[in-house]
Each structure stands twice: as structure tokens, then as C-alpha cells.
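Position one of the sequence shown corresponds to residue 9 (our numbering), numbered consecutively onward.
In what follows, a single structure is set out as C-alpha cells and then discussed.
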Amino acid sequence: MQRFTDKVVFVTGAGSGIGKASALRLAAEGGAVFCVDLNREAVEATAAEIVAAGGEATARVCDVSDEASVQDSVSACIERYGSLHGLVNMAGILRFDDTEHLQTGDWQKLIAINLTGTMFLCRAVLPHLVQTKGSIVNAASTAALSGLPCGLAYSASKGGVLAMTRSIAVEYAKRGVRANCVCPGDINTGMTDGIKFPKTMDFELMPRIMSLTGAKAPEVVAGVIAMLVSDDGIHITGEDIRVDGGTLS
Numbered sequence: 009m010q011r012f013t014d015k016v017v018f019v020t021g022a023g024s025g026i027g028k029a030s031a032l033r034l035a036a037e038g039g040a041v042f043c044v045d046l047n048r049e050a051v052e053a054t055a056a057e058i059v060a061a062g063g064e065a066t067a068r069v070c071d072v073s074d075e076a077s078v079q080d081s082v083s084a085c086i087e088r089y090g091s092l093h094g095l096v097n098m099a100g101i102l103r104f105d106d107t108e109h110l111q112t113g114d115w116q117k118l119i120a121i122n123l124t125g126t127m128f129l130c131r132a133v134l135p136h137l138v139q140t141k142g143s144i145v146n147a148a149s150t151a152a153l154s155g156l157p158c159g160l161a162y163s164a165s166k167g168g169v170l171a172m173t174r175s176i177a178v179e180y181a182k183r184g185v186r187a188n189c190v191c192p193g194d195i196n197t198g199m200t201d202g203i204k205f206p207k208t209m210d211f212e213l214m215p216r217i218m219s220l221t222g223a224k225a226p227e228v229v230a231g232v233i234a235m236l237v238s239d240d241g242i243h244i245t246g247e248d249i250r251v252d253g254g255t256l257s
């Protein structure tokens, strides 16, 4: 299946997790992938893996929370490939804090990366996606749909991503651009490695966070993302697609 032949997709967070899995999947289906991540070694490794498999990819370091870095990266993508057909926004961070003791700086950093960074990318690519009738897939979370104790900043950021994505979907529907969210849950990614919980955390307050079918690899989310970016998702926009194995069902 070569759904992305002659198409270019910009992928953030491409150095690991769902971002990397998405980049590999899109390239395997014939797409040229512009891979960005804050970690140079990781993003270059992703691009190298794609090229070694016979695909087309470019790696670039990008800080999604920095407006100039985002704009420069999008410009570099257009200069390299001439057009853009999709954006997969998977860059993000996670942290847990007792709400009463959440530090302003920690709140601002998480919002800057997860929410403002997503906005920077969407805003920068939209003029190019209008030209190609392209598609955006943003990373929300089950935390955007259900309460997450000690997850105030993360939940707020992902809820904001979901609302923003719906606004883009409505505003740009008649111009041919689609925008959707994936809401992963119980996915094994590096983002959760070494995560620290506050000492006050009461785990009895946690909603059921385990899927009914067990945790899955990032590739299961990448498959859904590929469908949404491709023409198979032509009549899907403004949606939040849960990939959580029934966690919130």
C-alpha cells in the first residue's frame, strides 16, 4: 500500500515514540518525510533508518516551542521538497504535579511545548496545506477526555490541542484542509520513562488507565495516523480518535 507516493509529510517528535513510528510508517507507504525533533541524534537516526530501507527523509533539529525555529523548519521543508501534504504533530512532554504545588515555570514549559508548539506548527503549515488540500493530525490524549489527578498542566494542554484542532477543522473545511486528533492511551513510549509522581498522589483517584487488551507499541497509533493523513480519511475532520484499547469505554 503506497498511499503517500509523491506526498510530503512533516512529522514532529520524530526521534522517538509515536512520532518515530509515524515517520517510519509514512515513509514505508511511499511518502517523503521531513523529520524534526529537539534531539539531533535521535531524529537523524530515524531519517537514516528510513533511507536505509529505501525511503526518503530529511532530519532537522527543531524546538517546537520556539516560533522562529518552527518557521525556519517549515521553510526548510518547502525549500527541500517544494510542497507539503501533511503535518503529524507528535512532539510533547508529560509531568505530574500536585496542583497546589505546581510551579508556574513547569506549567509554562509544558503548555509552551504541547499546546503553543502545536499551534506554531499548524499556523506555519496551513498556507501550504491549503495549496495541496492536505491534512493535520495532532496529538491529544485520553487526558483531554477524562480527569487526570496531578495532571493539571498536561490535561489542560491536551484539552487545548483538541479544541484548537476542531477550530481549524471548521475554519478550513471549505478550503480542503482536514484536521484531526489522536487520543492515545496505554501506549509504550519513552515519554513515560522515568516519570515521577508527587508524594501526595492518591492512586485510588486515578481513573482506569489500563487498556482492556494490554499496552501496545507506538506503531498501533501510527497506523491510525497514517489513515487520517491519507485519502482514506477524506471524510474525517474535527475528530478525536481514541487509540486506547477501551480504556475510557
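Beta carbons are placed, not taken as given, at the ideal position from N, Cα and C, and that holds for glycine.
| request: Note down, in chain order, each residue of its chain lying with its Cβ closer than 7 Å to the Cβ of A223, except the 5 sequence neighbours on either side. | output: Stepping through the sequence shown from its first residue, residue 223 is reached at position 215. So the list reads D194, I195 and N196, once near-sequence residues are dropped.
| Between T54 and A67, is the Cβ-Cβ spacing less than 8 Å? | Against the sequence shown, residue 54 aligns to sequence position 46. Against the sequence shown, residue 67 aligns to sequence position 59. In this structure, A67 lies closer than 8 Å to T54 by Cβ.
| query | Under a Cβ-count criterion, where at least 16 other Cβ atoms within 10 Å of its own Cβ denotes burial, should K166 be classed as buried or exposed? | reply | To locate residue 166, count along the sequence shown from 1; it is residue 158. Per the 10 Å Cβ criterion, buried.
| How about the region 205-219 and the region 100-117: do they share at least three Cβ pairs that are nearer than 8 Å? | yes
| query | Under three-state DSSP, which class holds S143? | reply | Reading the sequence shown from its first residue, position 135 is the one you call residue 143. Residue state, collapsed to three classes: strand.
| Assuming L46 contacts V69 under a Cβ cut-off of 8 Å, what Cβ separation, rounded to an integer in Å, is found between them? | The sequence position of residue 46 within the sequence shown is 38, counting from 1. The sequence position of residue 69 within the sequence shown is 61, counting from 1. That pair is a contact at about 7 Å.
| Can you tell me whether DSSP reads I195 as helix, strand or coil? | Locating residue 195 in the sequence shown gives position 187, counting from the first residue. Correct three-state label for I195: strand.
| request: Would you list, in sequence order, the uninterrupted alpha helix (DSSP H) runs of no fewer than 4 residues that lie entirely inside the region 109-164? | output: 112-119 and 125-140
| request: Return the residue from the list K182, V229 and G159 that minimises the CA-CA distance to I242. | output: One-based indexing of the sequence shown puts residue 242 at position 234. Here the closest residue by C-alpha is K182.
| field | Start-end ranges of the beta strand (DSSP E) lying completely within the region 45-71, minimum 3 residues | value | 64-69
| message | On the CB-based measure, 16 or more other CB atoms within 10 Å of its CB, does S238 come out buried or exposed? | response | Translated into positions along the sequence shown, residue 238 becomes position 230. With 16 or more Cβ atoms within 10 Å of its Cβ, S238 is classed as buried.
| message | Can you find the residues in the same chain that come closer than 8 Å, C-beta to C-beta, to V138, ignoring five residues on each side of it along the sequence? | response | Numbered from 1 along the sequence shown, position 130 holds the residue referred to as residue 138. Closer than 8 Å at Cβ, skipping near neighbours: Y180, R183, G184 and V185.
| task | Please go through the same chain and pick out, in chain order, the residues whose beta-carbon is closer than 7 Å to the beta-carbon of F128, but skip the five residues on each side of it. | result | Here residue 128 refers to the residue found at position 120 when the sequence shown is read from its first residue. Once the five neighbours on either side are set aside, the close Cβ partners of F128 are V72, E75 and V78.
| query | With A161 and L118 assumed to form a contact (beta carbons below 8 Å), what rounded beta-carbon distance in angstroms separates them? | reply | To locate residue 161, count along the sequence shown from 1; it is residue 153. To locate residue 118, count along the sequence shown from 1; it is residue 110. Confirmed, about 4 Å.
| Beta-carbon proximity check, T245 vs A177, cutoff 8 Å | Mapped onto the sequence shown, residue 245 falls at position 237. Mapped onto the sequence shown, residue 177 falls at position 169. Yes; because the gap between Cβ atoms is below 8 Å, this pair is in contact.
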